[in-house]
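**Student:** Start counting the sequence shown at 133; every next residue gets the next number (our numbering).
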Amino acid sequence: MNHLQITPQNVQETLSKHILADGFDLTFDMEKSQGVHIYDSKHRRTLLDFFTCFASVPLGYNHPKMLADETFKKNLMLAALTNPSNSDIYTEQYAQFTDTFSRMGIPDYLPHAFFIAGGTLAIENALKVAMDWKVQKNFAKGHTQEKGHKVLHFQNAFHGRSGYTLSLTNTQPVKTKWFAKFDWPRVSLPEIQHPLNENNIVDLALREAKTVAEIRTAFANNPDDICAIIIEPILSEGGDKHVRREFLEQLRQLADEYEAMLIYDEVQTGVGLSGKFWLHQHFGEKARPDIIAFGKKMQVCGILVGNRVDEVEGNVFKVSSRINSTWGGSLVDMVRSAKIMEIIEEDKLCDKAAETGDYLQNGLLDIAAKTGLISNVRGKGLITAFDLPDAETRNELIAKGLEDNIMYLGCGERSIRFRPALIMEKEHIDEGLFNIQKILPTL
Numbered sequence: 133m134n135h136l137q138i139t140p141q142n143v144q145e146t147l148s149k150h151i152l153a154d155g156f157d158l159t160f161d162m163e164k165s166q167g168v169h170i171y172d173s174k175h176r177r178t179l180l181d182f183f184t185c186f187a188s189v190p191l192g193y194n195h196p197k198m199l200a201d202e203t204f205k206k207n208l209m210l211a212a213l214t215n216p217s218n219s220d221i222y223t224e225q226y227a228q229f230t231d232t233f234s235r236m237g238i239p240d241y242l243p244h245a246f247f248i249a250g251g252t253l254a255i256e257n258a259l260k261v262a263m264d265w266k267v268q269k270n271f272a273k274g275h276t277q278e279k280g281h282k283v284l285h286f287q288n289a290f291h292g293r294s295g296y297t298l299s300l301t302n303t304q305p306v307k308t309k310w311f312a313k314f315d316w317p318r319v320s321l322p323e324i325q326h327p328l329n330e331n332n333i334v335d336l337a338l339r340e341a342k343t344v345a346e347i348r349t350a351f352a353n354n355p356d357d358i359c360a361i362i363i364e365p366i367l368s369e370g371g372d373k374h375v376r377r378e379f380l381e382q383l384r385q386l387a388d389e390y391e392a393m394l395i396y397d398e399v400q401t402g403v404g405l406s407g408k409f410w411l412h413q414h415f416g417e418k419a420r421p422d423i424i425a426f427g428k429k430m431q432v433c434g435i436l437v438g439n440r441v442d443e444v445e446g447n448v449f450k451v452s453s454r455i456n457s458t459w460g461g462s463l464v465d466m467v468r469s470a471k472i473m474e475i476i477e478e479d480k481l482c483d484k485a486a487e488t489g490d491y492l493q494n495g496l497l498d499i500a501a502k503t504g505l506i507s508n509v510r511g512k513g514l515i516t517a518f519d520l521p522d523a524e525t526r527n528e529l530i531a532k533g534l535e536d537n538i539m540y541l542g543c544g545e546r547s548i549r550f551r552p553a554l555i556m557e558k559e560h561i562d563e564g565l566f567n568i569q570k571i572l573p574t575l
């Protein structure tokens, strides 16, 4: 395809002949989009982007440091033209990515890595690591048949749409109904109602205790059969639901007590947007996971796994082909990811996200106080959200924002979540806040 023959006006019509093209009514121009703005060549407009392709664009569009780096672009083209099978054929580019990731994003308590394409498959392999570990531990305890396949998870969770993850995801029935699923234990989520204060802290503590009791009951009803507890540190699609550090510390204790892996799904929350490279790093050593899954802004998807897996000598990181993939994550994505991480480090973008996130949350709190029309403002860094009275009102705000050339993203029953690029400035935040204040009285 040397020359594009489809016009911006005909993109969706062409796609609709073969796929359900029911996304945004725009044609994304990859060349003209710049920074935190998407250029829509269908309607010849520029949109402020709080959406970032479902939190997968860390540096906005056409970052100058990426465009100016000829060596990076050469390696990107080599990877795109060749596309080697990373699991069997190793390159300098693969090693450079891994070295950069090791410095930037692989904590010493999660030394084992596995790469793959797709956040769902990252979760799948996290579960396989835990299953392999638990089943072998059970054999060592005297079990003579496989046991240890179940995964304890939370209400309103989203972990993907394929294979094992269909048994975990429970945000919208349309995403899982009529597909085969396992009957794995599901427990309530003791989410924080913001602001957390003396008026609601007692209720939260009671709900946390209730969930802990549910978890203990699940382990009691499934002895030696639960291999993992999995949770998003902030339940994103399910409504940007937060839990306390103290609750995650209890999950860590329960995972140790019942010999289960603690898995954090950081596919959406990782890579700086919270103000730290990984969101779970906000919660301290007592809440550290055994496994994290990553993707989206990382460009490459995969898992990082702690030394607890080495309690089993023949674990998946020691036995060839127990977990594997032809490409082991795309080399193109790895080259891009390495450059992105370099820029995040050089420009101190994690710190920037913490600062601009505080600015965004304070602005939303001010709107909430003045109007009374939004509530439950919450966030860690730029992972920020608020609630509207109902889904209809939320959807109307998103639609009117798009009319004003601003892209917002919904989640849960009635929430708006912000997922901007790490490079977003306060002036862009101000533009979004002004737009929200303008729209609210019309809803």
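C-beta: ideal position from N, C-alpha, C; glycine also.
1. Let me check understanding here. Comparing Cα to Cα, which of Asp519, Glu557 and Met473 lies closest to serine 234?
2. Quick one, which of Lys205, Ser453 and Pro243 has its alpha-carbon nearest lysine 471's?
3. By a C-beta neighbour count over all protein chains shown, 10 Å radius and 16 as the cutoff for buried, is glycine 446 buried or exposed?
4. Report the residue ranges of all beta strand (DSSP E) runs contained in full by the region 421–489; include only those spanning at least 3 residues, in chain order.
5. Using 8 Å as the threshold, is the region 296–308 in touch with the region 265–279, meaning 3 or more CB pairs across them?
6. Based on DSSP bridge pairs, tell me the residues matched to cysteine 543.
7. Could you give the first and the last residue of the continuous alpha helix (DSSP H) run that contains alanine 212?
8. Kindly indicate which three-state DSSP category tyrosine 226 falls into: helix, strand or coil?
9. For leucine 572, which residues from the same chain have a beta carbon less than 8 Å from its beta carbon, with the 5 sequence-adjacent residues on both sides left out?
10. From tryptophan 316 to aspartate 536, what does the alpha carbon distance come to, in whole angstroms?
11. Kindly identify the DSSP beta-bridge partner or partners of isoleucine 361.
12. At a threshold of 7 Å, does isoleucine 423 count as lining the ligand NAP (C-beta to nearest heavy atom)?
13. Whose C-beta lies closer than 8 Å to the C-beta of isoleucine 475 among residues of the same chain, with five residues either side of it excluded?
14. In whole angstroms, what is the alpha-carbon distance linking methionine 133 and valine 143?
15. For arginine 510, which residues from the same chain have a beta carbon less than 8 Å from its beta carbon, with the 5 sequence-adjacent residues on both sides left out?
16. So which of Ala200, Lys149 and Tyr540 has the shortest CA-CA distance to glutamate 563?
17. Could you spell out the range, first to last residue, of the alpha helix (DSSP H) harbouring histidine 275?
18. Counting Cβ pairs, one atom from each stretch, are 3 or more of them under 8 Å apart for the region 249–259 and the region 332–349?
19. So what does DSSP say about glycine 293, is it helix, strand or coil?
20. Output yes or no for whether 8 Å exceeds the beta carbon distance between arginine 551 and alanine 200.
21. Please say whether glutamate 398 and isoleucine 361 have beta carbons closer to each other than 8 Å?
22. Rounded to whole angstroms, what is the Cα-Cα separation between glycine 292 and aspartate 240?
23. Please name the residue, chosen from Thr252, Gly370 and Thr232, that lies closest to serine 547 on a Cα-to-Cα basis.
24. Using 10 angstroms around the beta-carbon of tyrosine 222, count the other beta-carbons present and answer buried if the total reaches 16, otherwise exposed.
25. What three-state label does DSSP hand methionine 133 in the structure shown?
26. Comparing C-alpha positions only, which one of Ala350, Ser368, Leu158 and Ala211 sits nearest to glutamine 141?
**Tutor:** With the structure as the only source:
1. By 1-based counting over the sequence shown, the position of residue 234 is 102. Measuring from the Cα of serine 234, the nearest candidate turns out to be Met473.
2. The count along the sequence shown starts at 1 and reaches residue 471 at position 339. Closest by alpha carbon: Lys205.
3. Locating residue 446 in the sequence shown gives position 314, where the first residue counts as 1. With fewer than 16 Cβ atoms within 10 Å of its Cβ, glycine 446 is classed as exposed.
4. 423–426 and 433–437
5. Judged by pairs of C-beta atoms under 8 Å, the region 296–308 does not touch the region 265–279, as fewer than three such pairs exist.
6. As a first step, residue 543 is located in the sequence shown; it is residue number 411 there, counting from the start. Ser547.
7. Stepping through the sequence shown from its first residue, residue 212 is reached at position 80. Run containing alanine 212: 202–214, per the alpha helix (DSSP H) assignment.
8. In the sequence shown, residue 226 corresponds to position 94, counting from 1. When DSSP states are grouped into helix, strand and coil, tyrosine 226 belongs to the helix group.
9. Your numbering for residue 572 matches position 440 in the sequence shown. Ile499, Thr503, Leu505, Ile506 and Leu529.
10. Stepping through the sequence shown from its first residue, residue 316 is reached at position 184. Stepping through the sequence shown from its first residue, residue 536 is reached at position 404. Roughly 44 Å between the two C-alpha positions.
11. Here residue 361 corresponds to residue number 229 of the sequence shown, with the count starting at 1. Paired residue(s): Leu284 and Leu394.
12. Annotation note on the ligand NAP: not contained in the displayed structure, which lists no ligands.
13. Residue numbering aside, residue 475 sits at position 343 when the sequence shown is read from its first letter. Leu191, His195, Lys197, Met198 and Leu481, listed in sequence order.
14. To locate residue 133, count along the sequence shown from 1; it is residue 1. To locate residue 143, count along the sequence shown from 1; it is residue 11. Caution is warranted here: a pLDDT of 49 is assigned to methionine 133, below 50, making its placement in the model unreliable, and the coordinate value is therefore given only provisionally. Using only the alpha carbons, I get a separation of about 15 Å.
15. One-based indexing of the sequence shown puts residue 510 at position 378. Around arginine 510: Ile324, His326, Asp372, His374, Gln493, Thr516, Ala517 and Phe518.
16. Your numbering for residue 563 matches position 431 in the sequence shown. It is Tyr540 whose Cα lies nearest to the Cα of glutamate 563.
17. By one-based count along the sequence shown, residue 275 stands at place 143. That residue, histidine 275, is in no alpha helix (DSSP H); it is neither H nor E in DSSP.
18. no
19. Residue numbering aside, residue 293 sits at position 161 when the sequence shown is read from its first letter. In the sequence as displayed, the identity of residue 293 is arginine instead of glycine. Three-state result, arginine 293: coil.
20. In the sequence shown, residue 551 corresponds to position 419, counting from 1. In the sequence shown, residue 200 corresponds to position 68, counting from 1. No, Cβ-Cβ distance for arginine 551 and alanine 200 is not below 8 Å.
21. Residue numbering aside, residue 361 sits at position 229 when the sequence shown is read from its first letter. Residue numbering aside, residue 398 sits at position 266 when the sequence shown is read from its first letter. Cβ distance not < 8 Å, so isoleucine 361 and glutamate 398 don't count as in contact.
22. The sequence position of residue 292 within the sequence shown is 160, counting from 1. The sequence position of residue 240 within the sequence shown is 108, counting from 1. Aspartate 240 has its alpha-carbon roughly 27 Å from the corresponding atom of glycine 292.
23. Here the question's residue 547 lines up with position 415 in the sequence shown. The closest CA to that of serine 547, considering only Thr252, Gly370 and Thr232, is found on Gly370.
24. The residue labelled residue 222 in the question sits at position 90 within the sequence shown. Tyrosine 222 is classed as exposed because its beta carbon has fewer than 16 other beta carbons within 10 Å across all chains shown.
25. Residue mapping note: residue 133 aligns to position 1 of the sequence shown, counting from 1. Residue placement at methionine 133 cannot be trusted, given a pLDDT of 49 that sits under 50; the coordinates are not used to answer.
26. Taking the first residue of the sequence shown as position 1, residue 141 is located at position 9. That would be Leu158, whose Cα lies nearest to the Cα of glutamine 141.
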